[in-house]
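Reviewing the structure listed below.
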Amino acid sequence: MRLRSEGLFYVSETDAQLEVVRFPAPKSSEPTTAELAGWAGKPPGERIEPQELQYFFRNMTKEHSDMGEAEKRERARFVELQDYLVQNLRQVKVYQVGRRRVTALILGFTPTGELAGFKTNLVQT
């Protein structure tokens, strides 16, 4: 996963790298809000908004007619990364933790039941 994400930045009000993360298997079928807040480095009770992976990456994977070659290559890398996550992890979801300064956890289950994926930061206005 590290090689697939190297040099990619999630673009919002700020540009942030994708950090590879791995967490122990949750006790239930979904991580708890306390686990998600802790993994995001946020206090318990912080707002958590689940999102579909394709929706989260929509601006990174959308093709525009006026894209330059570098933008096309970056778009292709995000499409490949999204496809890789869907093909290699189960139940991939994005959890946005926070209100304005948000930590996004892009997580799915590994074959051993752990959660793996990426963490990034974004600013929402």
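Residue numbers (my numbering): 45 to 169. Virtual Cβ for every residue (Gly too), placed ideally from N, Cα, C.
message: Please report whether the beta-carbon of S72 lies at a distance below 7 Å from any beta-carbon of chain C.
response: No chain C is part of this structure, which consists of one protein chain only.
- request: State the CB to CB distance for the pair V55 and N103, rounded to an integer number of angstroms; the pair is presumed to be in contact (CB under 8 Å).
  value: On the sequence shown, residue 55 is found 11 positions in, with the first residue counted as 1. On the sequence shown, residue 103 is found 59 positions in, with the first residue counted as 1. The pair is a contact, with the Cβ atoms about 7 Å apart (cut-off 8 Å).
- request: Kindly indicate which residue of E57, F162 and F100 has the alpha-carbon position closest to the one of R48.
  value: By 1-based counting over the sequence shown, the position of residue 48 is 4. Here the closest residue by C-alpha is F162.
field: Expected contact under 8 Å - CB spacing of A84 and L149 to nearest Å
entry: On the sequence shown, position 40 is the one that residue 84 refers to. On the sequence shown, position 105 is the one that residue 149 refers to. Right, the Cβ-Cβ distance comes to about 6 Å (below 8 Å), so this counts as a contact.
task: Could you tell me whether the Cβ atoms of E57 and T169 are closer together than 7 Å?
output: As a first step, residue 57 must be located in the sequence shown, where it is residue number 13. As a first step, residue 169 must be located in the sequence shown, where it is residue number 125. Yes; because the gap between Cβ atoms is below 7 Å, this pair is in contact.
- request: Output yes or no for whether 7 Å exceeds the beta carbon distance between F153 and Q135.
  value: Taking the first residue of the sequence shown as 1, we reach residue 153 at position 109. Taking the first residue of the sequence shown as 1, we reach residue 135 at position 91. Yes.
field: Closest residue to K71 among E158, L151 and A114 (Cα-Cα distance)
entry: Taking the first residue of the sequence shown as 1, we reach residue 71 at position 27. Per the Cα distances, E158.
query: Considering F53, what are the terminal residues of the alpha helix (DSSP H) in which it resides?
result: What you label residue 53 is simply residue 9 of the sequence shown in a count that begins at 1. F53 -> not in any alpha helix (DSSP H); beta strand (DSSP E) instead, spanning F53 to V55.
query: Out of E50, L80, L52 and A60, which has the shortest C-alpha to C-alpha gap to K137?
result: Against the sequence shown, residue 137 aligns to sequence position 93. Among E50, L80, L52 and A60, the Cα nearest to that of K137 is on L80.
field: Of the listed residues I92, L52 and F67, nearest to R145 (C-alpha basis)
entry: Sequence index remark: in the sequence shown, residue 145 carries index 101 (1-based). Ranking I92, L52 and F67 by CA distance to the CA of R145 puts I92 first.
field: Host beta strand (DSSP E) of Q135 (start-end)
entry: Against the sequence shown, residue 135 aligns to sequence position 91. From DSSP, the beta strand (DSSP E) with Q135 extends over R134 to V141.
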